[in-house]
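Undergrad: Next up is a structure, given as structure tokens.
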Amino acid sequence: MIIKALRGFAPALVFGIGGLLLWELALFIIQPEGFVLPAPSAILIAFFDDFQEILTASKNTGFIVVTGLVGGVALGVAWALLVSRFRIANETLTPLAISLNAIPIIALAPIFNAWYGLLSPVSNQAIVVILVFFPIFINTTKGLTEVDATEIELMRSYAASSWQITKTVRIPNAMPFFFTALKIASSLAVIGAIVAEYFGGRQDALGPLIVQNAGLTRYTEAWAAVLAGSLMGILLYLVSGAFERFSMPWRTAAETAGA
Amino acid sequence: MRLGKNRRITRWLIVLALFALVAASCSSDDGGSEDLTPVKLQLQWFTQAQFAGYFAAVDQGFYEDVGLDVEILEGGVDIVPATVLDSGAADFAISWVPRGLVPREEGLNITNIAQVFQRSATLQVSFADLGIGGVGDLAGRTVGNWGFGNEFELLAGLRSAGLDPASDVELVQQQFDMLALISGDIDAAQAMIYNEYAQVLETVNPDTGELYQPSDLAIIDWNDVGTAMLQDAIWADADKLESDDAYRETAVKFVEASIRGWAFCRDEFDKCAEVVLAAGPTLGESHQRWQLNEINNLIWPSPQGAGTMDTALWDQTVTIATSEGILNAAPTDGAYVSDIVAEALANLTADGVDVTGSDWSPKTIELNEGGE
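Okay, structure coming up:
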């Protein structure tokens with residue numbers, strides 16, 4: 003089974019490691035006069051040199067990411083359930099969601115800092131919630147509403163209540179859509195938290211670490227912090243995937259049967 | 033033989049062209065007076081009186097007099113003067129010394145050719161009623177700073193008072209305004225005496241209905257604490273200085289005309305303030321006048337001549353940089369050079385320009401709300 007799993011990862015591993023080797027080799031050969039793109043080896047060394055600092059920063063940023071993600075998901079799912087059930091909700095909440103999504107973070111971040119206070123985590127969590135909310139909302143709504151009509155008719159013929167229909171038909175139908183959105187949202191959450199940190203707040207977080215090191219031309223250290231952010235995003239993606247597999251056992255079975 | 037009509041026209045055209053060519057080559061003999069060397073200067077921040085000398089030198093034609101056509105490039109939050117200089121996008125750059133030394137250690141070969149500001153202007157500002165009289169009082173407080181290399185004096189100052197920046201104070205990333213201080217989010221905020229400090233004094237105190245007064249504020253001056261680091265200096269490309277004689281000559285002329293500009297701003301305060309305002313700064317007249325006055329206070333008097341390196345303060349800057357871990361080691365030779373500014377000062381003195389400003393004294397400037 004392990005070999006099977008490894009075989010699944012093998013192409014990705016080869017591609018990834020191959021790419022890194024190519025990067026390292028190219029810099030070694032070309033020796034550009036710049037320093038803007040450091041070699042992967044230099045980045046790794048900086049990552050371990052600054053490990054304590056990066057770890058603390060990742061914890062602080064990670065806290066915002068996870069809490070914001072949870073908040074955004076809760077909000078998105080709740081909104082989607084409302085919209086799929088009540089037509090009035092659809093006509094009022096959907097346009098509102100679209101407009102909220104259109105506001106750029108760069109405008110919102112300083113406003114939230116002013117509202118909630120520079121040092122309060124809420125100002126950054128709010129940014130993450132807004133970013134995460136929209137994909138979750140749109141996708142979950144789609145999943146809840148685009149259900150096979152015959153299934154609904156069947157349930158109606160059983161005199162099922164609205165809630166029973168939702169529970170047995172709509173929600174299971176929506177789950178694949180939801181998890182797709184979750185995977186997208188988890189990387190958005192990391193980006194949102196880091197960018198929100200650019201606008202003020204605590205300095206022991208990934209955002210300031212990246213931007214300040216870049217401002218001092220310490221690009222290797224900046225990339226090391228970027229690496230930490232990427233790892234966080236990948237971790238969240240894998241966790242989302244694990245949740246998916248756990249909550250939809252029927253799909254996993256179908257997938258492996260087909261493969 | 034009778035030529036065809038076309039061939040005749042072609043012949044005449046050729047003759048005409050040759051005539052024009054000869055005429056053009058003859059007329060270029062007028063001394064090349066329009067042959068100015070184009071120079072780009074990268075500022076460290078947005079247009080404001082902090083860079084008045086350079087704007088004045090452009091406006092008054094000092095650069096043109098030495099044969100330079102200077103274009104001033106405005107700075108900003110994400111613009112790193114050292115990289116702009118090193119990439120060749122600018123010929124000279126204004127940068128604080130630590131912000132020039134760190135990139136230099138990272139491999140950008142730049143050098144300080146004129147130390148324009150003789151003193152540091154960074155303050156830590158708090159409201160007087162919080163009782164933050166000295167560095168030691170910052171313990172347990174929220175202390176704002178801008179990062180990006182502006183925080184080193186603060187960190188060294190904290191350590192000099194026996195405080196650990198990571199645990200004894202709460203360091204906060206401050207925006208480039210004083211709103212967080214005024215709203216109470218930050219106890220002690222970072223401010224330049226010539227800029228953000230004035231921004232507080234231009235704000236109305238809701239309790240009194242009048243502008244905040246200096247007596248409402250308590251300041252910590254890093255010059256007094258002993259952890260001040262050198263700031264605005266003119267930087268040049270060290271490789272080019274060595275290999276390109278024309279560039280070195282341009283550097284001397286540039287420094288010379290720039291110092292002449294700063295002398296103008298010292299002697300003709302009002303005219304200089306107008307030059308700055310004409311350049312389109314964000315903040316208004318009273319703010320720029322305040323700023324110009326404070327900038328003059330950083331440059332003059334310059335007993336050894338404006339732009340000359342104060343070696344004691346250089347050593348202090350380097351010591352702090354290395355002990356704070358900003359630099360891995362003391363900078364190698366050539367981090368600053370004295371010959372270019374010495375030559376420029378000699379030229380200016382020979383021309384009767386006062387380069388020490390020993391008679392200068394600061395004015396009192398009244399601020400208006402919002403800096404207007």
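Quick note, the sequences are listed as chains W and P, same order.
Last residue of the first sequence: number 261 in this note's numbering, and the count goes up by one each step with no gaps.
Last residue of the second sequence: number 404 in this note's numbering, and the count goes up by one each step with no gaps.
Beta carbons: idealized from backbone N, C-alpha and C, even for Gly.
Taking the alpha carbon of F139(W) as the reference point, which residue from E223(W), T69(W), V68(W), A76(W) has its own alpha carbon closest?
TA: Comparing Cα positions, the closest option is A76(W).
Undergrad: Counting only beta-carbon atoms, is Q214(W) nearer than 9 Å to chain P?
TA: Closer than 9 Å to some Cβ of chain P, the Cβ of Q214(W) qualifies, so yes.
Undergrad: Would you grab the beta carbon distance between I66(W) and N126(W) for me? Rounded to a whole angstrom, and I think it's under 8 Å.
TA: Going by Cβ atoms, the distance from I66(W) to N126(W) rounds to 5 Å, so yes, they are a contact pair.
Undergrad: Measure from the alpha carbon of D206(W) to the alpha carbon of each residue in E26(W), Q54(W), L29(W), P40(W), then state which is nearest.
TA: Per the Cα distances, Q54(W).
Undergrad: To test your reading of the DSSP string, which unbroken alpha helix (DSSP H) runs of 4 or more residues are found completely within the segment 319–367 of chain P?
TA: As far as the segment 319–367 of chain P is concerned, its whole alpha helix (DSSP H) runs of at least 4 residues are 343–355.
Undergrad: Since I180(P) meets chain W, which of its residues come closer than 9 Å, beta carbon to beta carbon?
TA: Position check: residue 180(P) holds Phe in this sequence, whereas Ile was assumed. The contacting residues are V213, Q214, G217, L218.
Undergrad: Spell out the partners DSSP gives S127(P) in its beta bridges.
TA: Answer is A265(P).
Undergrad: From the DSSP output, read off the bridge partner residues of G203(W).
TA: Beta-bridge pairing links G203(W) to Q205(P).
Undergrad: Is V232(P) close to chain W? Criterion is C-beta to C-beta, closer than 9 Å.
TA: V232(P) does not count as touching chain W.
Undergrad: Does the segment 264–274 of chain P come close enough to the segment 350–363 of chain P that 3 or more CB-CB pairs lie under 8 Å?
TA: Judged by Cβ distances under 8 Å, the segment 350–363 of chain P makes no contact with the segment 264–274 of chain P, as fewer than three pairs qualify.
Undergrad: So, do the segment 386–401 of chain P and the segment 321–334 of chain P have three or more beta carbon pairs nearer to each other than 8 Å?
TA: Counting Cβ pairs under 8 Å, three or more are found: they touch.
Undergrad: Nearer than 8 Å: is that true of the beta carbon of T147(W) relative to any heavy atom of the ligand FAD?
TA: The ligand FAD is absent from the structure shown, which contains no ligands of any kind.
Undergrad: Taking the beta strand (DSSP E) that T143(P) falls in, what are its first and last residues?
TA: 142–146 is the span of the beta strand (DSSP E), which, as asked, contains T143(P).
Undergrad: Taking only three categories from DSSP, how would you classify L68(P)?
TA: Looking at L68(P) - three-state DSSP - the assignment turns out to be coil, as it is neither helix nor strand.
Undergrad: Counting contacts by CB-CB distance shorter than 9 Å, is R131(P) in contact with chain W?
TA: Chain W, which has a Cβ nearer than 9 Å to the Cβ of R131(P), makes this yes.
Undergrad: Are T222(W) and P135(P) touching if we call contact CB-CB under 9 Å?
TA: In this structure, P135(P) does not lie closer than 9 Å to T222(W) by Cβ.
Undergrad: When the cut-off is 9 Å and only beta carbons count, does P264(W) lie next to chain P?
TA: Residue 264(W) cannot be examined here, being either before or after the span of chain W that is shown, 3 to 261.
Undergrad: When the Cα atoms are used, what is the spatial distance from F50(W) to Q245(P)?
TA: Cα to Cα, the separation comes out at about 49 Å.
Undergrad: Hey, is A449(P)'s beta-carbon within less than 9 Å of any beta-carbon in chain W?
TA: The requested residue 449(P) is not part of the displayed model; chain P covers only 33 to 404.
Undergrad: Could one say the Cβ of E138(P) lies closer than 9 Å to chain W's Cβ atoms, at least one of them?
TA: Yes, E138(P) lies at the interface with chain W (some Cβ there is under 9 Å from its Cβ).
Undergrad: Going by beta-carbon coordinates alone, are A353(P) and P197(P) separated by less than 9 Å?
TA: The answer is no: Cβ separation not under 9 Å.
Undergrad: I'd like to know if the segment 372–382 of chain P and the segment 136–152 of chain P are in contact, where contact means that at least 3 CB-CB pairs between them fall below 8 Å.
TA: Yes: the two stretches touch, three or more of their Cβ pairs being nearer than 8 Å.
Undergrad: Could you tell me whether the segment 230–240 of chain W touches the segment 184–191 of chain W, where touching means 3 or more Cβ pairs closer than 8 Å?
TA: Enough Cβ pairs lie closer than 8 Å, so yes.
Undergrad: Skipping 5 residues on each side, what residues in its chain have a beta carbon closer than 6 Å to that of L315(P)?
TA: Answer for L315(P): G403, listed in chain order.
Undergrad: Please name the residue or residues paired with N177(P) in a DSSP beta bridge.
TA: Paired residue(s): Q205(P).
Undergrad: Does N115(W) have its Cβ less than 9 Å from a Cβ in chain P?
TA: Chain P contact via Cβ: present.
Undergrad: Can you tell me the Cβ-Cβ gap for E183(P) and S152(P), rounded? I've got them flagged as a contact below 8 Å.
TA: Not really, about 13 Å apart at Cβ, beyond 8 Å.
Undergrad: State the Cα-Cα distance for the pair I397(P) and D302(P), rounded to the nearest angstrom.
TA: If I take the Cα positions, the gap works out to 12 Å.
Undergrad: Give me the subset of the segment 344–362 of chain P whose CB atoms are less than 7 Å from a CB atom of chain W, sorted by chain position.
TA: Against chain W - using a Cβ distance shorter than 7 Å - the segment 344–362 of chain P contributes no residues.
Undergrad: Taking the CB atoms as reference points, tell me whether N237(P) and Q205(P) lie closer together than 9 Å.
TA: Not closer than 9 Å, so no.
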